[in-house]
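Here's the structure, in structure tokens; my notes come after.
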Amino acid sequence: MNKRKNELKDYKAEMVFQQVKRAMLMRGHAERMVEEAEERSRLEKEKIENAKETQKVINENKEAEEKLKKLKDEQKAKRTPLLKWDEFRNMRTTMNRHRSNYITGMRKQFNKLIKKNNGEPFAWQFCEICAEQFGNTTTLLPKVLEVVMRKILKKLDFQSIQILRKVSISFRKAIDDLRPDSELHAAAIWITESGDIRVHYDPDYGEDIEICYKNHEEGCIVMTKNNGKVLVNEDYSERALEDFGLVIRNQKSVLKSFQIYRRHRKGNFDGFLDILRNNVLEKKKIRTRELEMECCNQRNILAVLPYLDPKEFLELRIRRVENECILEVSELAKLEIWKRLRVVSLENCFILAADIQYFTHFRRSQVIVKEVTPNDLLAMKKKLLQENPEFLEFHLHFETFLDRPKLFEAWGTPEEPGTTWYFKIPDSEFLIEVDFQENRVLFTRYPLKWFEGKRRIQ
1 MNKRKNELKD
11 YKAEMVFQQV
21 KRAMLMRGHA
31 ERMVEEAEER
41 SRLEKEKIEN
51 AKETQKVINE
61 NKEAEEKLKK
71 LKDEQKAKRT
81 PLLKWDEFRN
91 MRTTMNRHRS
101 NYITGMRKQF
111 NKLIKKNNGE
121 PFAWQFCEIC
131 AEQFGNTTTL
141 LPKVLEVVMR
151 KILKKLDFQS
161 IQILRKVSIS
171 FRKAIDDLRP
181 DSELHAAAIW
191 ITESGDIRVH
201 YDPDYGEDIE
211 ICYKNHEEGC
221 IVMTKNNGKV
231 LVNEDYSERA
241 LEDFGLVIRN
251 QKSVLKSFQI
261 YRRHRKGNFD
271 GFLDILRNNV
281 LEKKKIRTRE
291 LEMECCNQRN
301 ILAVLPYLDP
311 KEFLELRIRR
321 VENECILEVS
331 ELAKLEIWKR
341 LRVVSLENCF
351 ILAADIQYFT
361 HFRRSQVIVK
371 EVTPNDLLAM
381 KKKLLQENPE
391 FLEFHLHFET
401 FLDRPKLFEA
411 WGTPEEPGTT
421 WYFKIPDSEF
431 LIEVDFQENR
441 VLFTRYPLKW
451 FEGKRRIQ
């Protein structure tokens, strides 16, 4: 008898496990279905807009063709007979003779001026090879023509261009003027535990590149995978950010990720971010879809976030270096780029419960607070139901939940298994599932038809 009871107990436990597993699979499937539906809707809208734009271009082309035809007809009526070949040849011969006589006369006068100057060239003379002005230097590098330089740069990858740039001042100036696309997939700046700065570039094609900048008694050391170089009287942080700024200014496509990591606790991180802002970010906004940043406070984030291109920026991930610290977000919430974000995730940092309101407009978000009350959850539910039509998921983690019976009194008995409530979104075909666990609450949006008749929906 006891054996049968134990087997029955095991079967029940297995059944509960399978129910939970099935619920998790259904939830994941539901999330993917919602995302796919939204993606299809977005693509359909883009298709309609593109069709309108295409038709507009076709109409404009037709108008342009008609105008061009009209102009051709007008010019055809006004066209004068072409010169005969003999007349054209005589005119060209006369022009070349006059030009040759003029150049010969100018050279004679110029030679007389040089003789008066004791045979020394004048400062305004130019080299016939490179068209560079003669100076006091004894050597001159031939100037690479722009068209040739463009062809050379087109054949080189990102790392080769950086090496070529350091060959000479002439090459550096030519590359800086032409600004070849860096073609990066991602970029990251690491401040290591020893205080060194490592800049990591992930190009679309070719191997990843890592450049290390270290402090040195004579200046700084710049190290790559294969070699290193000492730069005298150079600050290593300024050198690192100057090189990084040059690469970013040449970046024409959108980065998928931009990362700033700080592992060195004793350094002047605020000063480093000030240099990054003043020397790089204020000159050109970084076009990236995601920013991942380790920081200490709100001021650190404000040194970077306003200088990202809001048209491309979608996701923000923040991780605090110190433990058990409160991250203020009141000033961040005033930024226009904050209002346009879609995904925000905070790790290893707490926010005030009163600041939860600044996160309810995102599509996906994850925050941590020390204490949560039923009033906080009631306010969150109200905002998500009424003010965020694009909401998908909200993870709220906490250490302490106060007055749990009051929550049950407000929302009623939860669904079984677990502690789950369902609330219909007004004037829509969706609902919000509130899954309450020991140390977190998960708000998720689902299609209403998935749960209608199966769950008690409020």
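According to UniProt numbering, the residues represented by the sequence shown are 1 to 458, in order. Quick reminder that beta carbons are idealized off the backbone N, C-alpha and C, glycines included.
Between the C-alpha atoms of residue i and residue j, what's the straight-line distance to the nearest angstrom?
i, j, result
"TRP421", "THR288", "38 Å"
"TYR201", "VAL230", "21 Å"
"LEU281", "GLY245", "8 Å"
"TYR236", "PHE269", "14 Å"
"HIS216", "SER330", "40 Å"
"VAL222", "ARG198", "10 Å"
"GLY219", "ASN233", "4 Å"
"ILE337", "GLU387", "18 Å"
"LYS284", "ARG445", "38 Å"
"residue 463", "VAL20", "The structure shown does not extend to residue 463, since the chain is modelled only from 1 through 458, so no value can be given for it."
"LYS56", "LYS70", "21 Å"
"VAL144", "LYS155", "For VAL144, the predicted structure reports a pLDDT of 49, less than 50, and the residue's modelled location is therefore unreliable. The matter cannot be settled from this model."
"ALA454", "TYR11", "The question names Ala, but residue 454 is Lys in the sequence shown. Each residue's alpha carbon lies about 24 Å from the other."
"PHE362", "LYS383", "11 Å"
Do the CB positions of residue i and residue j come within less than 7 Å of each other?
i, j, result
"ALA240", "LEU273", "no"
"LEU431", "LEU442", "no"
"ALA188", "GLN259", "yes"
"GLU193", "ARG263", "yes"
"ASP196", "LYS173", "no"
"ILE286", "LEU308", "yes"
"ARG340", "PRO310", "yes"
"GLU393", "ARG364", "yes"
"SER182", "ASN250", "yes"
"PHE398", "VAL372", "yes"
"LEU113", "ALA186", "no"
"ILE209", "GLN159", "yes"
So what does DSSP say about residue i, is it helix, strand or coil?
i, result
"GLY219", "strand"
"GLY228", "strand"
"ILE425", "coil"
"LYS5", "helix"
"THR360", "coil"
"VAL367", "strand"
"GLU183", "coil"
"PRO447", "strand"
"GLY135", "Unreliable placement is indicated for GLY135, whose pLDDT of 46 sits below 50; the coordinate value is still reported in the next sentence. Note: GLY135 maps to coil in three-state DSSP."
"VAL16", "helix"
"residue 494", "Residue 494 lies beyond the range of the chain shown here (1 to 458); nothing can be said about it."
On the premise that residue j lies in contact with residue i, defined as a C-beta separation below 8 Å, what is that separation, rounded to the nearest angstrom?
i, j, result
"GLU374", "LEU396", "First, the residue type needs correcting, since residue 374 is Pro and not Glu in the sequence shown. In fact, because the Cβ distance is near 13 Å, the residues do not count as touching under 8 Å."
"PHE423", "LYS381", "6 Å"
"ARG319", "GLU294", "5 Å"
"LEU184", "ILE175", "About 16 Å separates the two Cβ atoms, so there is no contact after all."
"GLU328", "GLN298", "5 Å"
"ILE425", "LEU385", "6 Å"
"PHE401", "LYS370", "Between LYS370 and PHE401 the Cβ distance is about 11 Å, and since that is not below 8 Å, they are no contact."
"ARG456", "GLU415", "6 Å"
"SER257", "GLU292", "6 Å"
"PRO306", "LEU335", "6 Å"
Mind checking residue i: buried by the 16 CB within 10 Å criterion, or exposed?
i, result
"THR138", "Reliability of the predicted coordinates at THR138 is poor, the pLDDT of 40 falling under 50, and the value obtained from them is presented with this limitation in mind. The residue is exposed, with fewer than 16 neighbouring Cβ atoms inside 10 Å."
"ALA37", "exposed"
"CYS325", "exposed"
"ILE129", "Per-residue confidence for ILE129 stands at a pLDDT of 45, beneath the threshold of 50, marking its modelled position as unreliable; the derived number appears in the next sentence. Under this definition ILE129 is an exposed residue."
"GLN162", "buried"
"ARG107", "exposed"
"HIS29", "exposed"
"ILE48", "exposed"
"VAL16", "exposed"
"ILE368", "buried"
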